[in-house]
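In the working numbering, the protein residues as written are 1 to 242.
For each residue, glycine too, the CB sits at the ideal point set by N, CA and C.
All remarks here apply to the structure that follows.
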Amino acid sequence: SILVKVHPHPKIDFTFSGNCIENATQFIDHSTIVADSLVNYLWNFGDGQLGNGSSIFHHYQTTGFYNVDLSVTSSFGCTDSITKTIQILPKPIAEFSYNPLHATIINPVISFTNENAFLTPIIWDFNDSNFSVLDNPTHEFRYPGKFDVMLVVIDSNNCIDSIEHPINIFYEFLLYTPNSFTPNNDGDNDIFMPKGYRMDKYEAYQFIIYNKWGEIVFETKRIGEPWYGNNVQSGVYTWAII
């Protein structure tokens, strides 16, 4: 008689995750075998591409259904295979709008709107160390500058997309100049000069007073230096800020 030893076939199984287009899909082998070891794994991803390994990532280029085949071989050369169908889903399209389009440090509150109602915001990143998980948040920017605001969304299939738009918060300069003054040293309305918000941010400044003949009677490049109206007659004078 001849003694023949029969080795068992592998019991094949695998799982996959991340089946959204443009994302890497992970395939993980869960095959087992009794009294032996598995030494070779051959994946056929159904799109003309092959791979090896017990755990592997694959990028699909188009959406649709794919038949994924896994063949496993034991150390004694016993082989078995299994085929599963995977659906690669389309990528959601994130988009948002905001208002006002021109915001300043005087009015720095912006309203943001998620433009795809079928997508759930995961997070809004306002690029100033502040975040929100609301559908349509409002946000106040505390200082001027350019902020690349990002919205990350997820759909019902757990596919994720993001969009980023630059938001500019501008300086705003408010300037006030009185239309008259009385330089009589009574302590009330004795000087004439412009006043404003954030004048210290001016890169250059020149304040000039002209008489009715166009002659300069006062001139300064120092912010906050007033005209006292000394040694001139009462009348109408023209001012300019350059």
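What would DSSP say about residue i, mapped onto helix, strand or coil?
i	result
residue 201	helix
residue 20	strand
residue 2	coil
residue 194	coil
residue 45	coil
residue 140	strand
residue 174	strand
residue 33	coil
residue 105	coil
residue 167	strand
residue 223	coil
residue 73	strand
residue 61	coil
residue 28	strand
residue 39	strand
residue 145	strand
residue 132	strand
Between the Cα of residue i and the Cα atoms of the options, which residue gives the shortest distance?
i	options	result
residue 54	75, 64, 26 and 65	26
residue 109	100, 115, 130 and 70	100
residue 68	103, 19, 95 and 107	19
residue 83	144, 71 and 116	71
residue 64	88, 78 and 73	88
residue 215	224, 143, 239 and 206	239
residue 6	76, 40, 135 and 58	76
residue 153	94, 49, 4 and 59	94
residue 10	125, 31 and 46	31
residue 111	96, 119 and 60	96
residue 122	22, 146, 205 and 134	134
residue 138	147, 126 and 144	126
residue 36	147, 204, 8 and 136	8
residue 225	59, 117 and 241	241
residue 78	98, 34 and 57	34
residue 151	168, 180, 116 and 140	116
residue 236	66, 192 and 158	192
residue 200	50, 114, 179 and 222	222
Keeping to the same chain, check which residues put their C-beta closer than 8 Å to that of residue i; ignore five residues upstream and five downstream.
i	result
residue 184	190
residue 196	173, 174, 175 and 176
residue 52	40, 41, 42 and 43
residue 170	102, 103, 104, 105 and 144
residue 16	25, 26, 27, 28, 68, 84 and 86
Which residues does DSSP list as the beta-bridge partners of residue i?
i	result
residue 210	216 and 238
residue 152	123 and 162
residue 230	Residue 230 pairs with nothing; no bridge assigned.
residue 50	44
residue 89	20
residue 68	84
residue 113	97
residue 56	27
Under 6 Å Cβ to Cβ from residue i, same chain only, skipping five residues before and after it: list those, please.
i	result
residue 218	209 and 227
residue 166	146 and 148
residue 140	108 and 109
Could you name the residues of the same chain whose beta carbon sits closer than 7 Å to that of residue i, not counting the 5 residues immediately before and after it, in chain order?
i	result
residue 12	31, 70, 72, 80, 81 and 82
residue 220	207
residue 168	146
Below 7 Å, is the gap between the Cβ of residue i and the nearest heavy atom of the ligand GDP?
i	result
residue 90	Inclusion of the ligand GDP in the displayed structure is not the case, the ligand content being empty and no account of it being possible.
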